[in-house]
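Below is one structure, written out as structure tokens, with a few remarks after it.
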Amino acid sequence: MEISLIRHGKSKLIENDKITGMEFKNWVEKYDHYGVFEESTYPQKTLRKMATTNLVITSDLKRSVDSANLLNPKTKVISDALFRETELPIHSTGLFGIKFNPTIWTVILRLLWFSGYSNKCESLSLAKYRAIKASEQLIDYANEYNTVVLVGHGFFNMLIAKELKRKGWKGERKTGAKHWSCTTYTLLNYHENKFL
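Residue numbers (the working numbering): 957 to 1152.
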């Protein structure tokens, strides 16, 4: 059995002006509703997995769904909110009007989130719990379809990968963080294990 985790493509939202923390909330909403750029080429491993898999899953966010369609326009996709990216906490005071570009806000808020701050968003512990559920769902799909691809998101794919490895799945030590990267995890089924 095989489960491949692919990170979505680069968002069409390219606004990178300095904004306040409160404006960043609006930026995130736009980011969630924009599609991704079509590329002239894609990683060969990613294309190969998309072409040969028996089932493709995405989150219900546009960048995930659009990425799957760009990688293989003919494939049928199951979209599920269970596989959405982990959220970022938004500080309600806007940190006194301090302005950073969205990339810096993302780094600051992700570090705060990893430190336990989760104002008005899913906490790290809840995201880890959701990753357990997501990994179980992917394993159920793999039991039925043998090969499964999830076109998902950077941080949540990483949490899912940790759960798959904890459950005995073998794969690369680090989950690919670049857009369009593909990391594959395998588990020998009972019949294959019998002959080892």
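Glycine included, each C-beta is placed from N, C-alpha and C at the ideal position.
Alpha helix (DSSP H) containing residue i: first to last residue?
i     : result
T1002 : 1000-1008
Y987  : 977-989
F1070 : 1058-1070
L1026 : 1018-1027
In terms of residue numbering, what span does the beta strand (DSSP E) encompassing residue i cover?
i     : result
I962  : 958-963
G1108 : 1103-1108
L1011 : 1011-1014
I1034 : 1033-1035
T1142 : 1138-1142
Whole angstroms are fine: how far does the CA of residue j sit from the CA of residue i?
i     : j     : result
A1117 : E1043 : 18 angstroms
F1070 : E1078 : 11 angstroms
H964  : L1065 : 21 angstroms
K1055 : I975  : 5 angstroms
F1039 : S996  : 27 angstroms
L1144 : N982  : 45 angstroms
K1121 : E1128 : 10 angstroms
K1018 : I970  : 16 angstroms
N1102 : L1068 : 38 angstroms
T1140 : V1033 : 18 angstroms
E1148 : T1031 : Reliability fails at E1148, whose pLDDT of 45 lies under 50, so the model's placement of it is uncertain and the value that follows must be treated cautiously. Each residue's Cα considered, the two are about 29 angstroms apart.
P999  : W1061 : 29 angstroms
N1028 : Q1093 : 22 angstroms
L1152 : L1080 : In this prediction, L1152 scores a pLDDT of 39, lower than 50, which makes its location untrustworthy; no coordinate-derived value is stated.
In chain order, what residues of the same chain lie with their CB nearer than 6 angstroms to the CB of residue i, ignoring the 5 residues before and after it?
i     : result
V1021 : T1014, S1035
L1026 : E994
H1109 : E1041
K1126 : T1142
What residues in its chain sit with their C-beta under 7 angstroms from that of residue i, if we drop five residues either side in the sequence?
i     : result
K966  : V992, F993, H1135
E1119 : A1087, I1088, S1091
M1114 : T1131
K1084 : L1115
Y1073 : P1045
Assuming residue i contacts residue j under a Cβ cut-off of 8 angstroms, what Cβ separation, rounded to an integer in Å, is found between them?
i     : j     : result
F1111 : E1041 : 6 angstroms
S1023 : C1138 : About 11 angstroms separates the two Cβ atoms, so there is no contact after all.
M957  : V1105 : Their Cβ separation, rounded to whole angstroms, is 13 angstroms, which puts M957 and V1105 out of contact at 8 angstroms.
I1046 : N1075 : 6 angstroms
V1012 : V1107 : 7 angstroms
T1002 : I962  : 6 angstroms
Between which residues of its own chain and residue i is the CB-CB distance below 8 angstroms, once the five residues before and five after are set aside?
i     : result
D973  : N1057
A1098 : M957, E958, I959, V1104, L1143
A1037 : S1015, D1016
K968  : Y990, G991, V992, F993
N1010 : Y1101, N1102, T1103, V1104
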